[in-house]
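Have a look at the structure below before the remarks.
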Ligand code: HEM
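Numbering (mature numbering (1 follows the signal peptide of the UniProt record, and there is no 0)), first residue to last: -21 to -1, 1 to 487.
Below, the structure written as structure tokens:
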């Protein structure tokens, strides 16, 4: 080979190496960046020998402090772990975005968010959770307004949820006295509750449609899919559509689930009844929208509707039912807490009616138990990732434009300065000297800021009503001779949520 060609290739290689290993000026401290892999080596969990984000972020926080930067493949990312910083950074409009989603084509009507906001939604799908800009703000505003009108976040929704609680109690009573797993029943009851708000129809708990939706959303939320590490390490986004990567990244699974959910939704949209439900309200909005650039316009609006409902299933079912299930696991570990809750329920609510939201302020210990359960579980420990549309400065560091922002809710809720012995389950930390419940603003399982969980108030009501309703009726006991699984934070986490280990219990 001619010497000049060797020199040229060496220069090219050196240039490529420099581009792919350098970091922007004032980027937060963090591990080295390498071509293609980014900082994957530093996220490696020695137990599983795989890069794992939740594990890696806990390790890097110890090495680099409360704000640190690293690379997922070619994508820059900054993790923030202190409450004050998370609150400040997530209150800015520059961070109220989601990162590009690799494998965007898995969602129905894939490019319809992009039509509204070509720059901010270049690689983002329609729906609420992953879209940005005008598309997202129009859809989020409308969804919040409509759901509030139907009682979302108001006590008027209580009666509907209580009906679901009663149905669930009757369903569980058939299995009383025997070892049983209750996860799927909780899931179905929660999805039914959401379904009736969205469509105005209450289904029987054994309706196969509910089972299908539960299974689909469960698979969606637990798979890493196109947002997982494998997808992020691909040198080019379009490689996710290559058959091999489609399979190993989980893209194929996501695509088939989306198709199933779309097929499930379509008949409800086509045969809507003009009643009072989210779907009907949204269809009316689509029908009256004449602005061609709006996210509600024509077919684009219909895809927004389908994707919003899919997103609510994804965001609202597994999160709530698993949070409940974690609470039952803690009950098995701490029977003395259960005795206190049941004494309180007997004293405040008696046994002739279900506990209701008016009882909540008087149920101090129960509130403390539920708060501790949400804190310790930390179900979405790294929240849902955000993305910057402009440079953001924090403590002299610059989080550059187009960087993934990862708010570690785990570090806030497990901060030993505010929650001594954070790995222990201690509801008393939320009680004052008179035994009165004290909420703590640092318990942020629903995130904070502009993209805070849209279903927070519904979830809080559901958790309270289902938990108290079940405990008023049943005692939750260990299967004789069986130790319940441990609840430590190191339980493997394949997706973005902390799924509860499988366990059986006895309802007495
Ligand atoms: C215990 C139950 C729940 C937990 C722990 C939870 C947690 C979260 C978290 C951490 C986020 C991300 C916030 C951020 O990006 O900063 C989120 C977003 C979201 N949640 Fe929840 N959630 C729960 C229940 C629900 C329910 C019941 C619904 C609706 C039915 C819901 C709908 C949503 C939606 C639509 C978003 C995306 C908001 C946006 O991007 O603008 N969630 N949730």
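Even for Gly, the Cβ is constructed at its ideal location relative to N, Cα and C.
Because the structure is a prediction, the values reported are computed rather than measured.
Burial state of residue i, where buried means 16 or more other Cβ atoms lie within 10 Å
{"i": "residue 292", "result": "buried"}
{"i": "residue 120", "result": "exposed"}
{"i": "residue 415", "result": "exposed"}
{"i": "residue 17", "result": "buried"}
{"i": "residue 173", "result": "buried"}
{"i": "residue -11", "result": "exposed"}
{"i": "residue 149", "result": "exposed"}
{"i": "residue 305", "result": "buried"}
{"i": "residue 477", "result": "buried"}
{"i": "residue 225", "result": "buried"}
{"i": "residue 446", "result": "buried"}
{"i": "residue 215", "result": "exposed"}
{"i": "residue 156", "result": "exposed"}
{"i": "residue 467", "result": "exposed"}
{"i": "residue 374", "result": "exposed"}
{"i": "residue 346", "result": "buried"}
{"i": "residue 250", "result": "exposed"}
{"i": "residue 58", "result": "buried"}
{"i": "residue 351", "result": "buried"}
{"i": "residue 48", "result": "buried"}
Enclosing alpha helix (DSSP H) for residue i [first to last residue]
{"i": "residue 318", "result": "314 to 328"}
{"i": "residue 288", "result": "277 to 295"}
{"i": "residue 436", "result": "435 to 452"}
{"i": "residue 574", "result": "Outside the modelled stretch of the chain, which goes from -21 to 487, sits residue 574, for which no answer is possible."}
{"i": "residue 259", "result": "257 to 267"}
{"i": "residue 462", "result": "Unbroken run through residue 462: none, as it is neither H nor E."}
{"i": "residue 35", "result": "32 to 43"}
{"i": "residue 184", "result": "Careful: residue 184 lies outside any alpha helix (DSSP H) and carries neither H nor E."}
{"i": "residue 251", "result": "Taken as a continuous stretch (DSSP letters only), residue 251 belongs to no alpha helix (DSSP H), as it is neither H nor E."}
{"i": "residue 343", "result": "343 to 356"}
{"i": "residue 511", "result": "With the chain covering only -21 through 487, there is no way to say anything about residue 511."}
Reference residue i; option with closest CA among the options
{"i": "residue 193", "options": "298, 365, 97", "result": "298"}
{"i": "residue 425", "options": "415, 438, 414, 177", "result": "438"}
{"i": "residue 500", "options": "101, 81, 116", "result": "This structure cannot speak to residue 500, because the chain is shown only from -21 to 487."}
{"i": "residue -6", "options": "13, 3, 4", "result": "13"}
{"i": "residue 338", "options": "314, 34, 390, 324", "result": "324"}
{"i": "residue 235", "options": "223, 101, 261, 199", "result": "199"}
{"i": "residue 317", "options": "457, 367, 412", "result": "457"}
{"i": "residue 353", "options": "309, 47, 396, 364", "result": "309"}
{"i": "residue 94", "options": "175, 343, 276, 257", "result": "276"}
{"i": "residue 326", "options": "314, 315, 343", "result": "343"}
{"i": "residue 320", "options": "251, 283, 453, 147", "result": "453"}
{"i": "residue 460", "options": "442, 485, 360, 190", "result": "485"}
Between the CA atoms of residue j and residue i - distance to the nearest angstrom
{"i": "residue 401", "j": "residue 264", "result": "47 Å"}
{"i": "residue 287", "j": "residue 107", "result": "6 Å"}
{"i": "residue 409", "j": "residue 84", "result": "45 Å"}
{"i": "residue 241", "j": "residue 87", "result": "7 Å"}
{"i": "residue 37", "j": "residue 19", "result": "14 Å"}
{"i": "residue 244", "j": "residue 177", "result": "11 Å"}
{"i": "residue 390", "j": "residue 60", "result": "5 Å"}
{"i": "residue 336", "j": "residue 165", "result": "20 Å"}
{"i": "residue 10", "j": "residue 221", "result": "31 Å"}
{"i": "residue 218", "j": "residue 90", "result": "18 Å"}
{"i": "residue 99", "j": "residue 75", "result": "11 Å"}
{"i": "residue 376", "j": "residue 469", "result": "31 Å"}
{"i": "residue 196", "j": "residue 144", "result": "21 Å"}
{"i": "residue 479", "j": "residue 296", "result": "14 Å"}
{"i": "residue 388", "j": "residue 427", "result": "9 Å"}
{"i": "residue 435", "j": "residue 29", "result": "33 Å"}
{"i": "residue 112", "j": "residue 67", "result": "20 Å"}
{"i": "residue 442", "j": "residue 302", "result": "8 Å"}
{"i": "residue 383", "j": "residue 290", "result": "21 Å"}
{"i": "residue 334", "j": "residue 175", "result": "21 Å"}
{"i": "residue 184", "j": "residue 191", "result": "12 Å"}
{"i": "residue -8", "j": "residue 2", "result": "15 Å"}
{"i": "residue 364", "j": "residue 53", "result": "16 Å"}
{"i": "residue 398", "j": "residue 231", "result": "42 Å"}
{"i": "residue 158", "j": "residue 315", "result": "21 Å"}
{"i": "residue 412", "j": "residue 423", "result": "24 Å"}
{"i": "residue 101", "j": "residue 366", "result": "13 Å"}
Where the beta strand (DSSP E) through residue i begins and ends
{"i": "residue 55", "result": "54 to 59"}
{"i": "residue 48", "result": "46 to 51"}
{"i": "residue 484", "result": "484 to 486"}
Item to check | Segments assigned beta strand (DSSP E), at least 3 residues, entirely inside the segment 109 to 171 | outcome: The segment 109 to 171 contains no whole beta strand (DSSP E) run of 3 or more residues.
Item to check | Segments of 4+ residues assigned as alpha helix (DSSP H) that fall wholly inside the segment 368 to 403 | outcome: Listed in chain order, they are 388 to 392.
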